[in-house]
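Notes follow the structure.
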Amino acid sequence: MAMHSPAAALAIESTLRPVPTSAVLIVNARSRRGEAAFEAARQKLEAAGITLTAAHAVRDPSKMQDTVRAAVRSGAPMVIVGGGDGSLSGVVDDVVGCDCVFAVLPLGTANSFARTLGLPLDLDAAIAAIATGRRRRIDLGMIGDDYFANAASIGLAPLIAESVPHGLKRYLGRFGYMVWALRCFIRFQPFRLTVEDGAETHRLWASEVRIFNGRFHGGVELSDTTDVDSGDIVIQAVTGRSRWRLTWDWYAKFFRLRSRNDTTVEFRGQFLRLDTRPRQRISIDGELLARTPVDVRVAASAIEVVVPAQAPAMP
Numbered sequence: 023m024a025m026h027s028p029a030a031a032l033a034i035e036s037t038l039r040p041v042p043t044s045a046v047l048i049v050n051a052r053s054r055r056g057e058a059a060f061e062a063a064r065q066k067l068e069a070a071g072i073t074l075t076a077a078h079a080v081r082d083p084s085k086m087q088d089t090v091r092a093a094v095r096s097g098a099p100m101v102i103v104g105g106g107d108g109s110l111s112g113v114v115d116d117v118v119g120c121d122c123v124f125a126v127l128p129l130g131t132a133n134s135f136a137r138t139l140g141l142p143l144d145l146d147a148a149i150a151a152i153a154t155g156r157r158r159r160i161d162l163g164m165i166g167d168d169y170f171a172n173a174a175s176i177g178l179a180p181l182i183a184e185s186v187p188h189g190l191k192r193y194l195g196r197f198g199y200m201v202w203a204l205r206c207f208i209r210f211q212p213f214r215l216t217v218e219d220g221a222e223t224h225r226l227w228a229s230e231v232r233i234f235n236g237r238f239h240g241g242v243e244l245s246d247t248t249d250v251d252s253g254d255i256v257i258q259a260v261t262g263r264s265r266w267r268l269t270w271d272w273y274a275k276f277f278r279l280r281s282r283n284d285t286t287v288e289f290r291g292q293f294l295r296l297d298t299r300p301r302q303r304i305s306i307d308g309e310l311l312a313r314t315p316v317d318v319r320v321a322a323s324a325i326e327v328v329v330p331a332q333a334p335a336m337p
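For the sequence shown, the residue numbers in my numbering are 23 to 337.
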């Protein structure tokens, strides 16, 4: 008889259990589409056969975690969270270790976590995916003691995050974000990176570092070597001291050129240590939450999510 690891056994069990038909809906009304989508989502979920025992439009993002925590502690079999990557990553901690399914309504700018899960970005299609979907047990990343859903980054993204004017993404979307990114690009400087993987210490110059649990960052597929149930974490570094090398890397990955991996190196494992000189801020799913040096690890099979019943073909 084949033997399965505890994580593998949990993953198999998840696929055999139906998605709950009762849930609490929690929407970040400050996310780009949250305010307009809340009422529509509530009506459409009920029409799709999901009984909502409570529904919250949270207009103060700092209260998202408390609202999700209260829903989980109340015994909700599923929480449906609407918002961007930062909103989603900020609340996954409260689902870890609980018999509560985490469902996603992608209402942000990049929606990288939803893309990684294969979820449609259209509200009607996303609701249909929840109503007719299946469970999937996935990993979470950890930086220190904090869980994150999709990706963290060092370099240009944190510089943008700490300086972007309030409301720019909300009102101008990805276009406004990219314009601000170009402004920050002029001020940005590469840095020295050190990665310890338990067997070797790697030292190199880098212009950006991405810490992946999923495949997408900024709405672009930047890694095709990992997934949210791979059982490890990936550190991807854009190598060299040229800022234009970083520009080319994003261009090549956006258009999926054959040379898209020529500008990066990857380190992977269940536990990695990362440091930089000078010290750098770390953006975790769009929120500035840490600073180097940090320990990076995977929390294998940490939560259950809802994904479409039939996974889309990989591009």
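All residues carry an ideal CB built from backbone N, CA and C; glycine is no exception.
- Residue from VAL80, SER252, SER323, ARG278 with nearest C-alpha to ARG290: Residue SER252 is the option with its Cα nearest to ARG290.
- Task: Taking only the alpha-carbon atoms, compute the straight-line gap between ARG282 and GLN292 and give it to the nearest angstrom.
- Result: 25 Å
- Which runs of the beta strand (DSSP E), 3 residues or longer, sit entirely within the stretch 95-165? 100-105, 123-128, 156-165
- Task: Kindly indicate which residue of ALA63, ASP88, GLY130, ALA274 has the alpha-carbon position closest to the one of VAL117.
- Result: ASP88
- Task: State whether the stretch 265-275 contacts the stretch 139-149, with contact taken as three or more CB pairs (one from each stretch) at a distance under 8 Å.
- Result: no
- For ARG237, the nearest candidate out of SER229, GLU61, THR247 (CA to CA): For ARG237, the nearest C-alpha among the options comes from THR247.
- Task: May I ask which residues mark the beginning and end of the alpha helix (DSSP H) holding ALA58?
- Result: Per DSSP, ALA58 belongs to the alpha helix (DSSP H) from 56-69.
- What's the C-alpha gap between VAL103 and ASP297? 33 Å
- Query: Do you know whose CA, among ARG205, ILE182, THR223, GLU288, lies nearest ASP254's CA?
  - Reply: GLU288
- Could you name the residues that DSSP lists as bridge partners for TRP227? Its beta-bridge partners are ARG214.
- Rounded straight-line distance, which links the Cα of TRP227 to that of VAL343: In the structure as shown, the chain begins at 23 and stops at 337. Residue 343 is therefore absent and cannot be evaluated.
- Going by other Cβ atoms of all chains shown within 10 Å of its Cβ, with 16 needed for buried, is GLY177 buried or exposed? buried
- Task: Taking SER134 and HIS239 to be in contact with their CB atoms under 8 Å, please state how far apart those CB atoms are, rounded to whole angstroms.
- Result: 6 Å
- Where does GLN87 fall in DSSP's three states? If DSSP states are grouped into helix, strand and coil, GLN87 belongs with the helices.
- Contacting residues, own chain, Cβ-Cβ under 6 Å from VAL320 (five flanking each side not counted): ASP161, ASP254, ILE255, GLN292
- Query: Nearest to ALA79 by CA position, among THR261, GLY105, LYS66, is which residue?
  - Reply: For ALA79, the nearest C-alpha among the options comes from GLY105.
- DSSP three-state call for MET336: helix, strand or coil? For MET336, the predicted model reports a pLDDT of 42, less than 50, meaning its position is unreliable and no value from the coordinates is stated.
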